[in-house]
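As numbered in the UniProt record's numbering, residues 1 to 347 make up the sequence shown, in order.
Yeah, the Cβ is synthetic: ideal placement off N, Cα and C, and Gly gets one too.
What follows is a single structure, written as structure tokens, with notes after it.
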Amino acid sequence: MSILNGLDRLAAGAALMVAGALTPQMALAETTLKVADTFPPGHYIVETGTNYWMERVTELTDGEVKFQYFGAGQMGSLRDMFSMVQSGVVDVGYVPPAYNGGTMPLAGVHTLPGLFSQSKVGTPAFYDTVTSEPILGNDFLKNGMRPLWGVMTSTYNLFTRGKEIDGLEDINGLKLKIIAGNMSESIKALGGAPVDIPSPETYQAIRTGTVDGAIFPTTSVYSYKLEEVIDTAVLGLDVFVYWAPYVIREEVWQGLAPEHQQAMQQAAQEAMQRVAEETDRSAAELENKMREAGIKVIVLDEAQREQVRATTAPVFHAWVSGLEGRGMPGGEVVEAFRANIEKYQTQ
């Protein structure tokens with residue numbers, strides 16, 4: 001073998017080594033993540049938060065992280081989202097614990113009645129809670145995923161069609177769309193008959209009479225066009241608050257460069273603040289908007305609100321004791337969430 005041939009081979013080998021060393025970084029520079037949810041077109045969470053978050057991450061990473069977005073259930077139903085993230089069908093998905101209580105039991109603490117009333121308090125408080133132990137490890141990492149960001153909706157109230165509603169006693173016997181779990185138990189305590197229906201199916205269920213109404217976040221009424229099928233709103237019930245989170249498959253997260261992870265976290269904080277502020281602003285405006293649309297609006301007074309809290313208090317205690325009976329730290333999670341709520345209420 002000539003010296004020239006030997007040098008050629010060394011050069012070729014060195015080139016291969018350099019190419020190999022650059023390949024991961026080159027791949028990183030072209031990272032495109034699939035994001036999926038089931039929010040309808042124009043939903044305020046998507047308009048205010050999801051789109052902003054994706055654009056902001058791309059901006060902060062100088063275009064090295066981009067996204068393909070599949071909204072409105074294009075990739076699958078709400079109940080499919082958990083498995084789609086786990087299996088890699090999507091990289092980032094909308095996976096609410098309220099619909100996955102069997103695999104995310106501790107995160108269900110946010111569904112307990114009466115913990116807070118404003119998104120600007122509940123959103124950062126719960127983010128701090130779910131990104132810490134024991135919820136992070138038990139409910140997310142164990143399932144191969146990690147919470148990226150999420151927002152608390154406005155509190156859930158009562159919206160009905162074709163029923164004479166004047167007060168709390170009129171809830172008795174109503175078939176109401178709910179989310180399984182603590183909301184179901186709260187509605188049972190108030191005398192209603194809960195029916196577990198995904199939010200995208202609420203409009204049709206009310207229109208066809210499958211249910212008499214829905215327990216629904218006030219700020220989502222117009223996003224789901226429920227103003228077209230309801231005639232009565234009861235505000236101040238506040239029996240539930242829903243956390244709407246996006247999660248990322250842990251394998252994908254660990255494959256990101258640290259600076260890209262930091263960009264996602266920065267964009268997450270900004271997106272959560274934007275959506276929380278919009279949630280609280282919209283909730284304050286909707287009472288008049290519904291009245292102007294001809295919807296009968298009933299606002300519970302303080303005595304009625306206290307009656308709701310007292311009636312649903314056993315739900316709170318049952319959740320804690322149920323988890324602790326299974327050897328899970330229900331009480332610890334409640335105390336951690338309460339502490340975070342108090343922190344943000346005083347800011």
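Could you tell me which residues DSSP pairs with residue i in its beta bridges?
i: residue 213; result: 160, 176
i: residue 127; result: Beta-bridge pairing links residue 127 to no other residue.
i: residue 150; result: 245
i: residue 298; result: 234
i: residue 93; result: 36, 247
i: residue 195; result: 177
i: residue 208; result: According to DSSP, which records beta bridges pairwise, residue 208 is partnered with nothing at all.
i: residue 145; result: 249
i: residue 31; result: 65
Could you tell me whether the Cβ atoms of residue i and residue j are closer together than 7 Å?
i: residue 157; j: residue 237; result: yes
i: residue 109; j: residue 344; result: no
i: residue 135; j: residue 112; result: no
i: residue 320; j: residue 331; result: yes
i: residue 54; j: residue 39; result: no
i: residue 181; j: residue 101; result: yes
i: residue 230; j: residue 161; result: yes
i: residue 84; j: residue 93; result: yes
i: residue 144; j: residue 86; result: yes
i: residue 214; j: residue 232; result: no
i: residue 274; j: residue 48; result: yes
i: residue 91; j: residue 33; result: yes
i: residue 221; j: residue 175; result: no
i: residue 223; j: residue 43; result: yes
So residue i and residue j are in contact, right, with Cβ under 8 Å, and what is the actual spacing, rounded?
i: residue 267; j: residue 56; result: 4 Å
i: residue 95; j: residue 116; result: So it is not a contact: roughly 22 Å between Cβ atoms.
i: residue 295; j: residue 227; result: 7 Å
i: residue 193; j: residue 209; result: The Cβ separation is near 14 Å, so there is no contact.
i: residue 264; j: residue 148; result: 6 Å
i: residue 240; j: residue 159; result: With 8 Å as the limit, residue 240 and residue 159 do not qualify as a contact, their Cβ atoms being about 13 Å apart.
i: residue 179; j: residue 246; result: Contact doesn't hold; Cβ gap of about 18 Å is too wide.
i: residue 287; j: residue 297; result: 6 Å
i: residue 58; j: residue 37; result: With 8 Å as the limit, residue 58 and residue 37 do not qualify as a contact, their Cβ atoms being about 18 Å apart.
Could you pull out every residue in the same chain whose Cβ sits closer than 7 Å to the Cβ of residue i, ignoring the five residues on either side in sequence?
i: residue 123; result: 151, 152, 272, 276
i: residue 311; result: 189, 190
i: residue 69; result: 35, 54
i: residue 45; result: 39, 151, 244, 275
i: residue 225; result: 203
i: residue 435; result: Nothing can be reported for residue 435: it is not among the residues displayed for the chain, which extend from 1 to 347.
i: residue 334; result: 109, 320
i: residue 278; result: 44, 48
Which same chain residues, not among the five before or five after residue i, have their C-beta less than 8 Å away from its C-beta?
i: residue 253; result: 146, 261
i: residue 132; result: 336
i: residue 41; result: 71, 72
i: residue 339; result: none
i: residue 309; result: 113, 114
i: residue 341; result: 115, 116, 121, 122, 125
i: residue 137; result: none
i: residue 183; result: 98, 111, 156, 194, 215, 239, 240
i: residue 166; result: 298
i: residue 170; result: 163, 164
i: residue 304; result: 167, 168, 236
i: residue 372; result: In the structure as shown, the chain begins at 1 and stops at 347. Residue 372 is therefore absent and cannot be evaluated.
i: residue 307; result: 168
Using a Cβ-Cβ cut-off of 6 Å (strictly less than) and excluding sequence neighbours within five positions of residue i, which residues of its own chain qualify?
i: residue 197; result: 177, 205
i: residue 282; result: 219
i: residue 235; result: 157, 299
i: residue 280; result: 118, 119, 120
i: residue 248; result: 92, 146, 148
i: residue 325; result: none
i: residue 163; result: 212
i: residue 323; result: 330
i: residue 128; result: 340
i: residue 139; result: 104, 106, 107
i: residue 316; result: 112
I'd like to know if residue i contacts chain C, where contact means its C-beta is closer than 7 Å to some C-beta of that chain.
i: residue 114; result: No chain C is present in this structure, which holds just one protein chain.
Subject >> Complete runs of the beta strand (DSSP E) confined to the region 254-342 [at least 3 residues] >> reply: Counting only runs of 3+ residues, the beta strand (DSSP E) found wholly inside the region 254-342 occupies 296-299, in chain order.
Original post:
What are the start and end residues of each continuous alpha helix (DSSP H) run of 4 or more residues lying completely inside the region 34-116, in chain order?
Top reply: Entirely contained in the region 34-116, the alpha helix (DSSP H) runs reaching 4 residues are, in chain order, 51-60, 81-87.
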